[in-house]
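Data first, discussion second: the structure below is written as C-alpha cells.
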Ligand SMILES: Cc1cc2nc3c(=O)[nH]c(=O)nc-3n(C[C@H](O)[C@H](O)[C@H](O)COP(=O)(O)OP(=O)(O)OC[C@H]3O[C@@H](n4cnc5c(N)ncnc54)[C@H](O)[C@@H]3O)c2cc1C
Ligand SMILES: Cc1cc2nc3c(=O)[nH]c(=O)nc-3n(C[C@H](O)[C@H](O)[C@H](O)COP(=O)(O)O)c2cc1C
Ligand code: FES
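Protein chains in written order, with our numbering: chain A, 259 to 565; chain B, 5 to 281.
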C-alpha cells in the first residue's frame, strides 16, 4: 500500500500542516482572501507588518511592475498594534492556522513594546521581526544591515517574549550569514529570508523614477535565484530553521528552496497573480514527494548541505 | 468574488486600438454592479506578471440552446496601451482567460433621483454604460444626460448605445472637432450646468483620464453637485491586500486625511473626497 508522504513541519515550535505560509504584506490580514481560499488549509499565515502606532505609508504610485517581478514602496502603511488586536486578530483566530505577526519599528523600544503586548495573546503563534524593510528611510533596515545592531535588537525582544521568534533577513547586505548568526546568538528561533531587494524603475518619458519613493523593494520570480543563494548560504552556516521565500510561484519553485535548506517556504507576490498560489504550491510539493517516492518533506533540506 | 478560467466568446476591434470582449462568466456576472471591475491574468507567463483590471462594461444575457435558460455574460471594453492589453487583443474566441471578480464597490445609485449626468473621457465609457443600464431601471431619475469626450471621431464609443438607453441627450466633444463640439468634455459639462436648475436633485458620474476627472471634481464641488467618479490607479492584488493602489482622500465627514485603496474602497469615490496630488 502506498502511504501519503508527510508534509507537516515544525518551525521554531510552530507546527504547520504543510510547509507553505503566506508572506507578510502580501496577504493583508487574511480577510481579503478569505472568500477565495480556505485559510485553514494554509501552513501558517504571516500578517501584514504592524507598528506600535498606525502609519499612513508612502505617497502613490507605490507599486510598479518590472520584468517577472514588481517593485513596492508601501512604506509600512498599517493599522497599528491596538487596531490589529481589536479588529484583525479576532477574525484571524477563527481559523485553525498558526498566525505569525510581522513586527516593524523605528526604534528598539517599539519592537520590544509590541512583543510584550503580543506575548500572552491567544491566537498569536509566533513573531517575525522585520529588520529588513527597505521602504522606510530611518529605522527598519538599519537594524538588519549590521550584525551588532541585529544582535542587540533581537536580544532586547527575546527578553520580553516566550513566543517563537523568527527574524526576517534582508538580502541588501554584504554578508547575510553574519546577520543570521547574530540573530541566532541573540536567541532567535528561526529565520525568514529573503525580504525584497532594493531597486529603481525609471519612466523615460517623464525622466523621473516610476515610484514616488524613488526606490522600492523587488519581489517575484525575478529574485528567486538570489533568494535561493541566500537560503543555501545561511542554511549551511547557521543552525536555525529557515523559512525560504522570494519568487515562489509553483510547487517546483518551493521544492528548490526546500532542497537548498529551507524547512518551510512563504509565498508572497504570487498571491496577487494567483490567489490560490499557496495551496497550489503545497499540493505541488506533495506531488513531487509522491513522484520521487520521498516519505518526508523534512528530508529534503539535507540535500543542500552536500552541494 | 470568484476566480477561475472562463471562455472568451467575442473579441473584436470596435475602433482603432479599442476592443470589445465577451466572457462567459455567469459566476462573476451574477453579482456584478456597474463600477465594479474584473482582474485579468492575460497569460500564464511571468511577463507581464500582474493581473490587469478592466471595468465591467455590460452584463448581457446569453440564451442557452437547451431549454430556454439564460445566463449572464460579462462584456469588457479595452484600449490597447501596452503589453497586457496587446496580449488580450490577440486572443481568439474559444480561448480561456483567468479572471477574478467582481471586485470593488460600484457606483452605488442609492436613492438617486431627478437629473443624472454621465461624463466619460475616452475609455471612461466602459463602466458608465453599465451604469446607464442600471439608471434606466431607476424610476425616480427623470433625465439622463451623457457627455462623451474623445481624441477624434473614430474613437467616440457607445454613442448609440447610450441613446438606446433613453438618454435625454448625448453630447460629444472631440479634441480635433471631427465630431460634435471641438474641445473638452468638461466644457460641455460647464455649459450643461448653466442650463440646468442645479437646486433640483442632480448627480454627476464620471470616468476618464485624470485630467478630466480633476476638472469634473473642481466643477461639481464648486457648484455643490454630488459627483461620483471611478479612478484607475495601477493595481497589484486587486482585493485590498497589498496597499499598492491607494489614493489620498479627505473624509467628507471628519476632514481627516488618509489613503484609501482604489481596488477595495473604490474604484468609485466621491469627487469631493479625493485629494489630487
Ligand atoms: C478599476 C480599473 C478599471 C479599468 N477599466 C478599464 C477599462 O474598462 N478599459 C480599459 O481599456 N482600461 C481600463 N483600465 C486601465 C487598464 O487596467 C490599463 O490600461 C491596463 O492595465 C494597461 O495594461 P497594459 O499591460 O496594456 O499596459 P502597461 O504595459 O502596463 O502600461 C502601458 C503604459 O501605461 C502606463 N499605465 C498602465 N496602467 C496605468 C494606470 N493605471 N495608471 C497610469 N498609468 C498606467 C504604464 O506605466 C505604461 O507607460 C482600468 C483600470 C482600473 C484600475
Ligand atoms: C506589496 C508587498 C508588501 C510587503 N510587506 C512586507 C511587510 O510588511 N513586512 C515584511 O517583512 N515583508 C513584506 N514584504 C516582503 C514579502 O513578505 C517577501 O519577503 C518578499 O516579497 C519576497 O517574496 P515574493 O517574491 O514571494 O513576494 C512585502 C512584499 C510585497 C510585494
Ligand atoms: S491593488 Fe492591492 S490593495 Fe489595491
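From the three backbone atoms N, C-alpha and C, an ideal C-beta is built for every residue, glycine too. It should be emphasised that the depicted structure is a prediction, and the values quoted were computed from it without experimental measurement.
- At a cut-off of 8 Å between beta carbons, residue 177/B makes no contact with chain A.
- Residue 144/B sits in coil when the DSSP states are folded into three classes, being neither helix nor strand.
- At the C-beta level, residue 113/B and residue 122/B stay beyond 8 Å of one another.
- Three or more beta-carbon pairs drawn from the stretch 345–365 of chain A and the stretch 297–311 of chain A are found closer than 8 Å, and the two stretches are therefore classed as touching.
- Comparing alpha carbon positions, the residue from 37/B, 192/B, 194/B, 157/B closest to residue 180/B is 157/B.
- If you look at residue 490/A, you'll find it in the alpha helix (DSSP H) that goes 482–495.
- Within the DSSP secondary-structure output, residue 461/A pairs in a beta bridge with 466/A.
- Pairing residue 319/A with residue 474/A, the inter-Cα distance amounts to about 11 Å.
- Residues of the stretch 326–352 of chain A with a C-beta atom less than 8 Å from some C-beta of chain B are 326, 327, 328, 330, 332, 335, listed in chain order.
- Inclusion of residue 270/A and residue 483/A in the CB contact set at 8 Å is not warranted, their separation being larger than that value.
- Straight-line measurement puts the Cα of residue 337/A at about 31 Å from the Cα of residue 60/B.
- With fewer than 16 other Cβ atoms from the protein chains shown falling within 10 Å of its own Cβ, residue 280/B counts as exposed.
- When DSSP states are grouped into helix, strand and coil, residue 111/B belongs to the coil group.
- With a threshold of 16 other beta carbon atoms within 10 Å, residue 408/A meets it and is buried.
- The beta carbon of residue 260/B does not come within 8 Å of any beta carbon belonging to chain A, so the residue lies off that interface.
- Beta-carbon to beta-carbon, residue 205/B and residue 117/B are separated by about 5 Å, close enough to satisfy the 8 Å threshold.
- In this structure, DSSP gives residue 245/B a state outside helix and strand, which the three-state scheme calls coil.
- Shown in chain order are the members of the stretch 240–264 of chain B whose Cβ falls below 9 Å from a Cβ of chain A: 240, 241, 242, 243, 244, 245, 246, 247, 248, 249, 250, 251, 252, 261, 262, 263.
- Around the beta carbon of residue 464/A, fewer than 16 other beta carbons sit within 10 angstroms, so the residue counts as exposed.
- According to DSSP, residue pairing for residue 252/B in a beta bridge involves 263/B.
- For ligand 3, no non-hydrogen atom lies closer than 7 Å to the CB of residue 535/A.
- By DSSP's assignment, residue 353/A forms no beta bridge with any residue.
- Residues of the stretch 308–319 of chain A with a Cβ closer than 8 Å to any Cβ of chain B, in chain order: 314, 315, 317, 318, 319.
- Pairing residue 260/B with residue 277/B gives a Cβ-Cβ distance that is not under 8 Å.
- Under the 10 Å beta carbon count, residue 265/B is surrounded by 16 or more other beta carbons and is classified as buried.
- Beyond the five residues adjoining it in sequence on each side, residue 140/B comes within less than 7 Å, by CB distance, of 169, 170 in the same chain, given in chain order.
- Chain-ordered, the residues whose CB falls short of 5 Å from any heavy atom of ligand 1 come out as 41/B, 56/B, 57/B, 58/B, 59/B, 82/B, 83/B, 85/B, 86/B, 87/B, 88/B, 89/B, 127/B, 130/B, 236/B, 238/B, 271/B.
- Taking all protein chains in view, the Cβ of residue 450/A is crowded by 16 or more other Cβ atoms within 10 Å, so the residue is classified as buried.
- In this model, residue 210/B and residue 201/B are separated by some 20 Å (Cα to Cα).
- In the three-state reduction of the DSSP assignment, residue 271/B falls in the strand class, which pools E and B.
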